[in-house]
Each structure stands twice: as C-alpha cells, then as structure tokens.
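**Student:** Before anything else, here's the structure in question.
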Amino acid sequence: MTTPAEKVAQDKGRDDTDLRNVDVNEQDMSDRVNNRTLRPNSPAFQKFMTTSWQAQEPDMEPLESSRFIGRRLEELGRRFPGERLVIPAGDFKTRNNDNDYAFRPDTTFAYYTGLGEDFEPGSVLVLEPVAPDSEEAGAGRTHTPELFVHPRADQSTSDYYRSSQYGEYWVGPRAGLKELSVMTGIPTRDIASFPDAIAKDLGPDDGAVRIRVIRTADTEVCSQVEAARKASGIGGPDRNQAADEKLEEFTSEARMIKDSYEVGEMRKAIAATKDGFDKILTRLPQVVGKPRSERMLEGVFNANAREEGNDVGYGSIIASGSHAPVLHWMRNNGTVKEGDLLLIDAGVEVNSLYTADITRTFPVGGTFSPLQKRIYETVLKAQLAGFEAAKPGATYSDIHHAVMRVLAETLHEWGILKVSVEESLSPEGQQHRRWHACGCAHHLGLDVHDCAEARYESYQGAPITPGMIFTIEPGLYFKENDLLVPPEFRGIGVRIEDDVLMTEDGPEWLSAAIPKTVEDVQEWMARQATQSGQDRD
C-alpha cells in the first residue's frame with residue numbers, strides 16, 4: 001500500500017527523497033497532504049534540532065499600562081462578586097489556506113491586561129473569585145487575576161522548530177509566562193491548566209462558583225466554558241448567553257472614561273496620524289491622474305502606520321471624486337484627478353492599540369473651487385456647532401441635533417431641501433438625512449467605534465463626562481446619481497472629522513494640530529507639495 005507521503009513523492013517526481021521519516025499529522029493522512037507538514041522527524045533530526053543553540057532571553061520590562069490595570073480589574077471584580085470571569089485574547093484567524101491574519105488581541109483583553117501588539121495569541125485572563133473567609137476578602141478584594149498563556153517554545157523544546165505559530169525558530173523570541181507576568185503585573189499560568197481551572201467549584205447551588213465569558217473573542221474558549229457549565233449543571237444556553245452579554249456590556253461601558261495613560265496614547269495616535277496625512281500630501285502631486293492612485297496614497301498612510309505604530313486602526317478610506325460620497329469606500333482603486341475633492345478617513349493604531357480617527361477633505365489641485373468651498377465651509381460650520389454643544393453634561397444627541405440643524409438650514413437655503421427645516425428635523429421628517437445618513441459622533445479608544453456594546457442609555461442618552469474621548473464628524477454626501485440635487489453638486493462628498501477629549505473645563509480638540517479651515521488646508525497642501533518637489537530633486 002502506498003502511504004500518503006510516498007504518494008506525494010511520486011506525484012512530485014521526488015524519487016531521490018526518503019519521506020518515510022517525515023512529520024505528517026494524522027489529519028493529513030489522505031490522498032492530499034499538507035506539504036507544510038513534510039518536515040524531517042527522525043530521532044537523529046529531533047536530537048540535532050534541540051542541541052547547541054544559544055539561549056535567547058527576551059528582555060521585558062513592566063509596561064506603562066501595568067500601573068493602571070489593578071484599578072480596572074478591581075472595578076470589574078466588584079461588579080461580579082463570587083463569579084469567575086473569563087476574558088480571552090483570541091487566537092490566530094485564517095486568512096487563506098495556511099496563512100493567518102496578523103494577530104490583534106480582543107479589545108476587552110487588551111484593556112484588562114494592558115497588552116497590545118501581538119504578544120499573547122491564545123492567552124486567557126481569568127478573574128478568580130476569592131473565598132469569602134480569605135485574607136484577600138478581608139482586605140476588600142473580590143478576585144485574584146490569573147493570566148493563562150503559552151509557555152515559550154524556545155530552543156529547549158521540540159516545538160521550537162515544529163510549531164510555526166509559537167516556535168521561536170519560526171517567529172523569534174517571544175514572551176512567555178515569566179515575561180508576561182513582568183509586563184502586566186498579573187500572575188501567569190500554563191494555558192494547559194486552563195480547562196481544569198475554569199471547571200473548579202462550579203455549580204448552580206448557593207456558595208458554588210458561577211462563570212461568565214466574553215463570548216465573541218475566542219470560540220474555542222467559549223466552548224470550553226459551555227462544556228464546564230453543562231457538566232456542572234449551570235443554567236441553559238439562553239440564560240448563560242444573557243449572563244455573558246452583561247459581562248460584555250459592563251466591560252464596554254467601563255472603557256468610556258479614559259485614564260491619563262489612555263489619553264496619552266490617544267495623543268500619540270493622533271500625532272502619528274498627522275504624520276501620515278503629511279506624507280500623503282507630499283506624495284499627492286506625484287500620483288494625480290495615475291490609475292489606482294487612491295491605492296498609492298493608501299499605501300503611503302498604511303506604511304506610516306506600521307512605521308510609527310502597530311497598524312491602521314481600521315480600513316483606510318481614500319475616496320476621490322465620485323467615491324467621496326460613498327461613506328465606506330475602501331476599495332481605494334480609483335484615479336485621483338485634478339479638480340476633484342479627495343476625502344481621506346484614516347487613523348493610526350499605536351502599539352498599545354489605541355487608534356485615532358481623522359477625516360480631511362482636500363481639493364486635489366490645492367485650491368477649493370467656489371462650490372467646493374461652500375460645501376466644505378458648511379460642513380465645518382456644522383462641526384463647530386457640534387463642538388459648542390459638547391459641554392459636560394450634554395449628550396451625543398445634543399451634538400447630533402446641533403450638527404443636523406446647520407446642515408438642514410443650509411440645504412434648505414440652497415433649495416435642495418424642499419420641506420421646512422423644522423419638518424425635516426422632526427422625528428417624522430428627517431429628509432435632510434438623505435445627504436447625511438450616518439451618525440456624527442462616537443466613542444473612540446481601543447476600537448474606532450469604542451464601547452459599542454454599551455447600553456443605549458449609557459451611550460447615546462448618557463451625559464458626556466470628563467475623560468470621554470469621541471469624534472465629531474459631520475459631512476455632506478451628494479451621490480453622482482442623486483437627481484434631487486443640481487448637477488454641479490453630484491459626485492461631491494465632504495467630511496471633516498476630529499477627535500475630542502471632554503475635560504472639566506469643556507471639550508478639547510485633541511487633533512487641533514491637523515489643519516481644517518479652507519485657508520489652512522490650502523496652505524498645508526502647498527507646503528507639502530513643496531516638500532514633494534524637494535524629495536524628487
């Protein structure tokens with residue numbers, strides 16, 4: 001009988017290769033073999049690969065975020081006393097075949113560990129409830145945190161060369177139990193002990209431990225939690241899901257008020273985003289009229305995001321001409337043409353995973369036409385009205401209504417909005433929203449649409465309080481096929497978006513250094529165009 005490995009050798013014409021001692025997983029024992037598994041696996045090779053390597057110790061220090069983690073964990077524990085809380089980082093996700101997306105930890109995990117970048121795929125944070133009669137309980141503590149992580153697959157292990165996801169032969173030195181504990185200040189345990197740890201003392205009776213999990217982060221971890229619940233007789237699927245959703249809701253709302261570390265990281269993200277816009281404008285004169293020039297500019301911004309941070313915080317929108325009124329234009333495959341407007345909505349995510357969210361609209365030739373200027377200044381006026389409405393104690397609805405009134409009044413003055421302003425602004429009307437169908441403000445932080453699982457009454461209907469960071473992003477979007485606007489308006493889209501910190505003294509433009517008046521934008525473009533000429537020289 002021909003083995004799968006031998007069949008591969010025959011099919012590939014590799015008669016001179018002995019494939020009897022190769023590493024072929026049982027799941028690949030079929031007529032089709034995953035060729036990445038065809039690695040030497042003889043005893044001699046195994047011994048050879050685990051000897052004569054110099055140790056490589058990653059040099060890890062406490063993260064700046066670790067000073068803030070204790071308070072966050074304490075507040076979370078007080079909300080769910082006596083319950084085991086499971087917060088996964090998530091794991092690698094397949095992009096195609098054997099190619100994974102770059103790992104980015106789940107936002108809730110990042111918030112409660114302070115870990116960013118790609119340190120901890122497959123890890124899980126667990127808040128373990130303390131015994132009521134314990135010393136910790138006497139000191140006012142409700143939980144002890146534990147971080148379950150993969151041990152290092154260093155040169156002393158066979159996984160060093162066998163595991164393409166964790167083996168340091170493949171991925172380089174990485175943080176393990178000791179290193180992650182130093183970085184976060186959280187005690188660590190081997191991930192292999194996780195299933196037993198979460199099942200301990202579970203039950204439906206009084207005094208037994210209940211368990212909640214962030215369901216959306218890691219399906220495998222969620223399945224393990226559900227199995228432990230079922231074995232212990234805890235609730236049913238609907239009841240358990242409702243309990244988990246309460247955990248996710250609380251952790252989302254907890255992120256609404258940013259501490260000083262988070263504000264500092266947001267300032268870094270905005271500064272890096274400004275640099276990205278600078279570089280786009282420097283490149284702009286060189287790409288005008290070239291096919292797929294939107295994508296050329298996207299590449300400039302995204303490269304800057306990798307240079308100065310972790311990545312982009314979301315898919316960059318580079319929308320020129322008739323693409324600008326498309327709210328989520330992300331194909332970025334159009335041609336940037338002289339005389340058009342160029343709408344760029346982009347943000348850098350720094351290594352801590354906090355992201356900026358900035359939109360600017362530029363005249364490709366460097367100067368706004370009279371009509372482009374009219375539309376642009378209307379949007380800017382609406383944004384300033386939203387900013388003035390954003391006072392401590394105001395709500396997102398107050399910002400929204402201030403923005404919409406400016407837009408509705410101007411559309412009416414232009415003769416585009418045929419009904420009265422008051423009729424359009426009424427809940428029964430809303431006709432002006434044809435040209436601004438999206439929201440105009442949202443929380444910002446670890447996610448570009450941060451705190452999205454919060455309750456409506458804690459988000460849209462709640463007072464804006466000091467420490468909140470949010471966007472104000474009005475726009476006017478005239479689709480090229482919109483027969484209700486004059487022909488000269490069709491295919492024009494303008495959005496202006498900035499990031500705002502609410503302070504005790506009122507709102508602060510965090511992105512004030514990024515020009516946005518007509519005159520300042522034109523001067524900015526001229527300055528960067530001069531830089532472009534110098535670069536070519």
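First residue of the sequence shown: 1, per our numbering; consecutive thereafter. We treat Cβ as the ideally placed atom computed from N, Cα and C, and that holds for glycine.
Residues in the same chain with beta-carbon distance under 7 Å from residue 503, minus the five sequence neighbours each way, listed in chain order, please.
**Tutor:** Numbered from its first residue, the sequence shown carries residue 503 at position 503. For residue 503, where only same-chain residues beyond five positions count, the Cβ hits under 7 Å are 466.
**Student:** Give the DSSP-derived three-state secondary structure of residue 345 in the structure shown.
**Tutor:** For the purposes of this step, residue 345 is taken as residue 345 along the sequence shown, with counting starting at 1. Three-state DSSP puts residue 345 in a strand.
**Student:** From the DSSP output, read off the bridge partner residues of residue 271.
**Tutor:** Taking the first residue of the sequence shown as position 1, residue 271 is located at position 271. BP columns for residue 271 are empty, so no partner.
**Student:** Quick one: give me the first and last residue of the beta strand (DSSP E) that residue 470 is part of.
**Tutor:** By 1-based counting over the sequence shown, the position of residue 470 is 470. Taken as a continuous stretch (DSSP letters only), the beta strand (DSSP E) holding residue 470 covers 469-472.
**Student:** Can you tell me which of 157, 196 and 149 puts its alpha carbon nearest to the alpha carbon of residue 177?
**Tutor:** In the sequence shown, the residue the question calls residue 177 occupies position 177. Nearest option by C-alpha distance: 149.
**Student:** Curious, which full-length alpha helix (DSSP H) runs of at least 4 residues does the region 223-297 contain?
**Tutor:** With a minimum length of 4 residues, the continuous alpha helix (DSSP H) runs that stay inside the region 223-297 are 237-254 and 260-287.
**Student:** Report yes if the C-beta of residue 358 is less than 7 Å from at least one heavy atom of the ligand COA; otherwise report no.
**Tutor:** Ligands in the displayed structure: none, and consequently the ligand COA is not present.
**Student:** Contact check, residue 244 vs residue 213 under 8 Å by CB: the rounded distance?
**Tutor:** As a first step, residue 244 is located in the sequence shown; it is residue number 244 there, counting from the start. As a first step, residue 213 is located in the sequence shown; it is residue number 213 there, counting from the start. With a beta-carbon spacing of about 6 Å, residue 244 and residue 213 fall inside the 8 Å limit used to define contacts.
**Student:** Take the Cβ of residue 523 as the centre, count every other Cβ of all protein chains shown within 10 Å, and call the residue buried at 16 or more, exposed below.
**Tutor:** On the sequence shown, residue 523 is found 523 positions in, with the first residue counted as 1. When all chains shown are included, residue 523 counts as exposed.
**Student:** Are the beta-carbon atoms belonging to residue 312 and residue 349 less than 8 Å from one another?
**Tutor:** Here residue 312 refers to the residue found at position 312 of the sequence shown. Here residue 349 refers to the residue found at position 349 of the sequence shown. Closer than 8 Å, so yes.
**Student:** Rounded to the nearest angstrom, what separates residue 545 and residue 180 at their Cα positions?
**Tutor:** No answer is possible for residue 545: it lies beyond the span of the chain, which begins at 1 and ends at 537.
**Student:** So, does the region 60-78 touch the region 161-174, judging by three or more C-beta pairs under 8 Å?
**Tutor:** No: the two stretches stay apart, fewer than three of their Cβ pairs being nearer than 8 Å.
**Student:** Tell me which residues share the same chain as residue 59 and place their Cβ nearer than 7 Å to its Cβ, disregarding the 5 neighbours each side in the sequence.
**Tutor:** One-based indexing of the sequence shown puts residue 59 at position 59. Nothing listed; no residue qualifies.
**Student:** Do residue 469 and residue 277 count as a contact pair if the criterion is CB distance below 8 Å?
**Tutor:** Working through the sequence shown from its first residue, we reach residue 277 at position 277. Working through the sequence shown from its first residue, we reach residue 469 at position 469. Not in contact: residue 277 and residue 469 (Cβ atoms no closer than 8 Å).
**Student:** Where does residue 148 sit, in a helix, a strand or coil, going by DSSP?
**Tutor:** Position 148 of the sequence shown, counting from 1, holds the residue named residue 148. Strand.
**Student:** Let me know the beta strand (DSSP E) ranges lying completely inside the region 167-217, each 3 residues or longer, listed in chain order.
**Tutor:** 188-190 and 210-213
**Student:** So residue 471 and residue 442 are in contact, right, with Cβ under 8 Å, and what is the actual spacing, rounded?
**Tutor:** Position 471 of the sequence shown, counted from the start, is the residue given in the question as residue 471. Position 442 of the sequence shown, counted from the start, is the residue given in the question as residue 442. Yes, residue 471 and residue 442 are in contact; Cβ-Cβ is about 6 Å, under 8 Å.
**Student:** Tell me whether residue 493 is buried or exposed, calling it buried when 16 or more other Cβ atoms sit within 10 Å of its Cβ.
**Tutor:** The residue labelled residue 493 in the question sits at position 493 within the sequence shown. It counts as buried.
**Student:** Near residue 298, which residues of its chain fall below 6 Å by C-beta distance, leaving aside the five closest residues on each side in sequence?
**Tutor:** Position 298 of the sequence shown, counting from 1, holds the residue named residue 298. Answer for residue 298: 316, 318 and 332, listed in chain order.
**Student:** State the Cα-Cα distance for the pair residue 159 and residue 49, rounded to the nearest angstrom.
**Tutor:** Mapped onto the sequence shown, residue 159 falls at position 159. Mapped onto the sequence shown, residue 49 falls at position 49. Rounded to whole angstroms, residue 159 to residue 49 spans 10 Å at the Cα level.
**Student:** Determine the burial state of residue 451: buried for a count of at least 16 other Cβ atoms within 10 Å of its Cβ, exposed for fewer.
**Tutor:** Your numbering for residue 451 matches position 451 in the sequence shown. Buried, since its Cβ has 16 or more Cβ neighbours within 10 Å.
**Student:** With a CB to CB cut of under 6 Å and the five nearest residues on each side skipped, what residues in its chain are close to residue 85?
**Tutor:** The count along the sequence shown starts at 1 and reaches residue 85 at position 85. Excluding residues within five positions, the ones whose Cβ falls inside 6 Å are 127 and 212.
**Student:** Looking only at DSSP bridge pairs, what is residue 477 linked to?
**Tutor:** On the sequence shown, position 477 is the one that residue 477 refers to. DSSP output for residue 477 lists 493 as bridge partner(s).
**Student:** Quick check: the region 322-331 against the region 82-96, are at least 3 beta-carbon pairs closer than 8 Å?
**Tutor:** no
**Student:** What first and last residue would you give for the beta strand (DSSP E) that runs through residue 499?
**Tutor:** Within the sequence shown, numbered from 1, the residue matching residue 499 stands at position 499. Looking at the DSSP string, the run of the beta strand (DSSP E) that includes residue 499 is 498-503.
**Student:** From the DSSP output, which residues share a beta bridge with residue 94?
**Tutor:** The sequence position of residue 94 within the sequence shown is 94, counting from 1. DSSP lists 100 as partners of residue 94.
**Student:** The alpha helix (DSSP H) spanning residue 539 covers which residue range?
**Tutor:** Given a span of 1 to 537 for the chain in the structure shown, any question on residue 539 remains unanswerable.
**Student:** Just the C-alpha distance for residue 521 and residue 157, rounded to the nearest angstrom, thanks.
**Tutor:** Within the sequence shown, residue 521 is the residue found at index 521, counting from 1. Within the sequence shown, residue 157 is the residue found at index 157, counting from 1. Rounded to whole angstroms, residue 521 to residue 157 spans 57 Å at the Cα level.
**Student:** Assuming residue 247 contacts residue 80 under a Cβ cut-off of 8 Å, what Cβ separation, rounded to an integer in Å, is found between them?
**Tutor:** Counted from its first residue, the sequence shown places residue 247 at position 247. Counted from its first residue, the sequence shown places residue 80 at position 80. Indeed, because the Cβ distance is near 7 Å, the residues count as touching under 8 Å.
**Student:** Span of the beta strand (DSSP E) holding residue 361?
**Tutor:** As a working note, residue 361 is residue 361 in the sequence shown. That run of the beta strand (DSSP E) goes 358-363.
**Student:** Quick check on residue 26: does DSSP put it in helix, strand or coil?
**Tutor:** Here residue 26 is taken as the residue at index 26 of the sequence shown, counted from 1. In this predicted model, residue 26 has a pLDDT of only 46, less than 50, meaning its place in the structure is not dependable enough to derive any value.
**Student:** Are there 16 or more other CB atoms within 10 angstroms of the CB of residue 17, so buried, or fewer, so exposed?
**Tutor:** In the sequence shown, the residue the question calls residue 17 occupies position 17. With a pLDDT of only 39 at residue 17, under 50, the local geometry of the prediction cannot be trusted, and the value read off the model is given with reservation. Here residue 17 is exposed, its C-beta having fewer than 16 other C-beta atoms within 10 Å.
**Student:** Taking the straight line between their C-alpha atoms, what separation do you get for residue 455 and residue 529?
**Tutor:** What you label residue 455 is simply residue 455 of the sequence shown in a count that begins at 1. What you label residue 529 is simply residue 529 of the sequence shown in a count that begins at 1. In a straight line, the C-alpha of residue 455 is about 46 Å away from that of residue 529.
**Student:** Just mark residue 97 as buried or exposed, buried being the case when its beta carbon has 16 or more other beta carbons within 10 Å.
**Tutor:** Taking the first residue of the sequence shown as 1, we reach residue 97 at position 97. By the neighbour-count rule (16 or more Cβ atoms within 10 Å), residue 97 is not buried but exposed.
**Student:** Beta-carbon within less than 6 Å of residue 152's beta-carbon, same chain only, minus the 5 sequence neighbours each way: which residues are those?
**Tutor:** Working through the sequence shown from its first residue, we reach residue 152 at position 152. So the qualifying residues of the chain are 176.
**Student:** Using a Cβ-Cβ cutoff of less than 6 Å, which residues in the same chain neighbour residue 544 once the five nearest sequence positions on both sides are dropped?
**Tutor:** Because residue 544 is not part of the residues shown, which for the chain are 1 to 537, the question remains open.
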